[in-house]
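Enquirer: Quick one: structure below, then a few questions.
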């Protein structure tokens, strides 16, 4: 749906920015993914951003899988 307005996006959707602040794009095992940080020590894979079909078959990067945060800091 296209929504045209002269009002700033923040006034129309004030909570949308807060919802997206926990999401980050990272490379995990050479695969670009979007993860959600829930405030703890784990990241949850939200979606695979790769265009390579083989990446979608790897079980370690399926949406919903958890990644330890310390593992990302070591890379």
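Residue numbers (the UniProt record's numbering): 1 to 75.
Ideal Cβ positions, reconstructed from N, Cα and C, are used throughout, including at glycine.
Source: prediction; values computed, not measured.
Quick one: what's got a C-beta closer than 6 angstroms to residue 37's C-beta in the same chain, skipping five residues either side?
Expert: The sequence position of residue 37 within the chain shown is 37, counting from 1. Correct list, in chain order: 22 and 43.
Enquirer: Which of the three DSSP states is assigned to residue 60 in this structure?
Expert: Residue numbering aside, residue 60 sits at position 60 when the chain shown is read from its first letter. In the structure shown, residue 60 sits in a helix (DSSP, three-state: H, G or I).
Enquirer: For residue 60, collect the residues of the same chain with a Cβ closer than 7 angstroms to its Cβ; drop the 5 residues on either side in sequence, then sort them by chain order.
Expert: For this step, residue 60 is matched to residue 60 along the chain shown. Correct list, in chain order: 29.
Enquirer: Could you pull the DSSP bridge partners for residue 50 from this structure?
Expert: In the chain shown, the residue the question calls residue 50 occupies position 50. Note: residue 50 sits in no beta bridge, so no partner.
Enquirer: From 27, 69 and 66, pick the residue whose C-alpha is nearest to that of residue 55; which is it?
Expert: Position 55 of the chain shown, counted from the start, is the residue given in the question as residue 55. The shortest C-alpha separation from residue 55 is found at 27.
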